[in-house]
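Asks:
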Amino acid sequence: MANTILVGAQWGDEGKGKIIDVLTEQADIVVRSQGGNNAGHTVYLGKKKFVLHLVPSGILRKRKVCVIGNGVVIDPVNLVGEIDGLEKMGIKMGSNLLISETAHLVFPYHRELDAQREVLKGKNKIGTTKRGIGPAYGDKAARTGLRVLDLLKPEKFAERLKAKISENNAILKAFGAKPLSYKKILADYLEAGRRLQPFVGNTVVYLHDACLANKNILFEGAQGTFLDIDHGTYPYVTSSNTTAGGACTGSGVPPHRMDSVMGVLKAYTTRVGEGPFPTENTELSDFLHGMGREFGSTTGRARRCGWFDAVATGHAAMVNGIDDLAVTNVDGLDTLDVVRVCVAYRCGGKRYDHVPADVDVLAQCEPVYVEFPGWKSDTSGARQWKDLPSKARTYLNAIAELTGARLSIVSVGPARDQTLFL
Ligand code: GDP
Ligand code: IMO
Ligand code: MG
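To convert, take the position in the sequence shown, counting from 1, and add 78; that gives the numbering used here.
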């Protein structure tokens, strides 16, 4: 498998968790390199459902090492809760989990500020997960953040936390929000630090040695291309680089060690939160929600749904350098008479073949569709490419060709064996 970067090629929730779990069979190490517990990656082990937020989705497989890299922002109290929850479900965490000492920490004031800023934005809100991601990366960029290694030096940590709480309480007061208790946060965080200490280490050196030993490393992207802070639909984005480059900066593994990039995409499109979404379609949303599908794994919010957008996925192939595609949720379209694919946008008499940078323009874009006949049969039992109805194969070949990358994996259900390798 060599070293593979896996990214979401749409707006997140493409089914990355499922594909990571499947590919982990061939990997030695799985690395998260950006984002925080805004991510929700669903993996099924038989009938048991796991939703991973910070712990990499490779954790369900034995004898694999999962790394939380330097580019991730960690809410340590929440991470302890996630580890405990996984252990209760029978997943043991020992030397198979490694946490970067230089990853930045998320604090309750980040969460509170995230929520307050959303209220202040009113109808222009981003629709964040309210996990404090933006404010935590903000502190990192402003060079005022606290990191995992600080948590392991209690005296100095207490001093720095005190200053941070007093500064942030003044800001929260201006928002009219309640002040936070320094004592409680200090106690909770030091306790979380004690629990996490055995997992903390220098992940950069670990991954460097793993590369030298020719280990197979899988980089698990969180969120999706159009939520990238640089390449997404700014400001309706998250606060990290969700595109392939983020895997390098967020892990310390240099670009020339990476062998391929896999883009995960749904056979249609979804988005949760605010922001432009050219192919959004209420009928398709109602249809998918009616089947009990497309409710967020982190916040439970109903996801907005729309047709496959090949302008967006083509753009994603370009900025990520996608070699291989994993298309998920093909079974979601099984009963439709007609399936649509957006091949261009039109706005103000102009045709766009790339996603325009200005969200005001993108919000005005009308999709240009081509139609494909539906295959009108159940694909969830398919186990090989040749098991798929020919109309489904035509559709999948078309979306891969329009995206500009090789179709390598097709997923027809959430389970491990509902995965077809081409
Ligand atoms: P992620 O954030 O990219 O890991 O995706 P999520 O886990 O948030 O959302 C994807 C949803 O689709 C989850 O409920 C998965 O179990 C589910 N899923 C993934 N692949 C398939 C598929 O091929 N068919 C069906 N029916 N569900 C799938
Ligand atoms: P996974 O890894 C889908 C969205 C939020 C919001 C915007 C900013 O499961 O694909 P944030 O809390 O990051 O400041 O929110 O980004 N968002 C996601 N949408 N999947 C995710 O992760 C997301 N993580 C954040 O809904 O629109
Ligand atoms: Mg998700």
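Note that CB positions come from ideal geometry on N, CA and C, so glycine has one too. Just so it is clear, the structure is predicted and the values come from calculations on it, not from any experiment.
Could you have a look at V315 and say whether DSSP puts it in helix, strand or coil?
Replies: The answer is coil: DSSP assigns V315 none of H, G, I, E or B.
Asks: Do you know whose CA, among D456, T120, T82 and G271, lies nearest R494's CA?
Replies: The shortest Cα separation from R494 among D456, T120, T82 and G271 belongs to T120.
Asks: If I'm right that D192 touches P213 with Cβ under 8 Å, what's the distance once you round it to whole angstroms?
Replies: That pair is a contact at about 6 Å.
Asks: What is the residue span of the beta strand (DSSP E) that I177 lies within?
Replies: Its beta strand (DSSP E) spans residues L175 to S178.
Asks: Considering Cα atoms alone, identify which of F297, L157, R272 and G114 is closest to V143.
Replies: Closest option to V143, Cα to Cα, is F297.
Asks: Classify M396 as helix, strand or coil using the three-state DSSP reduction.
Replies: It is helical.
Asks: Pull up the distance between the alpha-carbon of L130 and that of G399, whole angstroms please.
Replies: Cα to Cα, L130 sits roughly 26 Å from G399.
Asks: Taking buried to mean at least 16 other C-beta atoms within 10 Å of its own C-beta, is K344 buried or exposed?
Replies: Buried, by the Cβ-count rule.
Asks: Say the cut is 6 Å; is the CB of G588 nearer than that to a heavy atom of the ligand MG?
Replies: The shown model of the chain, from 79 to 500, leaves out residue 588, and the question about it has no answer.
Asks: Taking C-alpha atoms, which residue in V439, V416 and I477 lies nearest to T406?
Replies: It is I477.
Asks: So what does P445 bridge to, in DSSP terms?
Replies: DSSP lists Y423 as partners of P445.
Asks: Beta carbon of R471: closer than 6 Å to some heavy atom of the ligand IMO?
Replies: No; taking the cut-off as 6 Å, the Cβ of R471 has no heavy atom of the ligand IMO nearer than that.
Asks: Taking the DSSP output, what are the residues bridged to C383?
Replies: Per DSSP, T348.
Asks: Would you kindly report the start and end of the unbroken beta strand (DSSP E) that includes R429?
Replies: Where R429 is concerned, the enclosing beta strand (DSSP E) stretches over K428 to Y430.
Asks: Near F253, what residues of its chain come up, given a Cβ to Cβ distance below 6 Å and the 5 sequence neighbours on each side ignored?
Replies: Cβ neighbours of F253 beyond the five flanking positions: Q194.
Asks: Which two residues bound the contiguous alpha helix (DSSP H) that contains S468?
Replies: Per DSSP, S468 belongs to the alpha helix (DSSP H) from S468 to T481.
Asks: Of the residues G279, N174, K201 and E190, which one's Cα is nearest the Cα of R225?
Replies: The shortest Cα separation from R225 among G279, N174, K201 and E190 belongs to G279.
Asks: Using alpha carbons as the reference points, say which of K428, L440, E449 and E179 lies closest to Q275.
Replies: Answer by Cα proximity: E179.
Asks: If you count every other CB in all the chains shown that lies within 10 Å of the CB of A219, and 16 or more means buried, which is it?
Replies: A219 should be labelled exposed.
Asks: Which residues share a DSSP beta bridge with D337?
Replies: Bridge partners of D337: none, in fact.
Asks: Given this structure, state the Cα-to-Cα distance separating R272 from V158, to the nearest angstrom.
Replies: Straight-line Cα distance between these residues: approximately 10 Å.
Asks: Give every residue of the same chain whose Cβ lies closer than 6 Å to the Cβ of G205, excluding the five residues on either side of it in the sequence, and list them in chain order.
Replies: Closer than 6 Å at the Cβ level, and outside the excluded window around G205, lie G351 and E352.
Asks: Counting C-beta neighbours from all protein chains within 10 Å, is the total for V433 16 or more, i.e. buried, or is it exposed?
Replies: The residue is buried, with at least 16 neighbouring Cβ atoms inside 10 Å.
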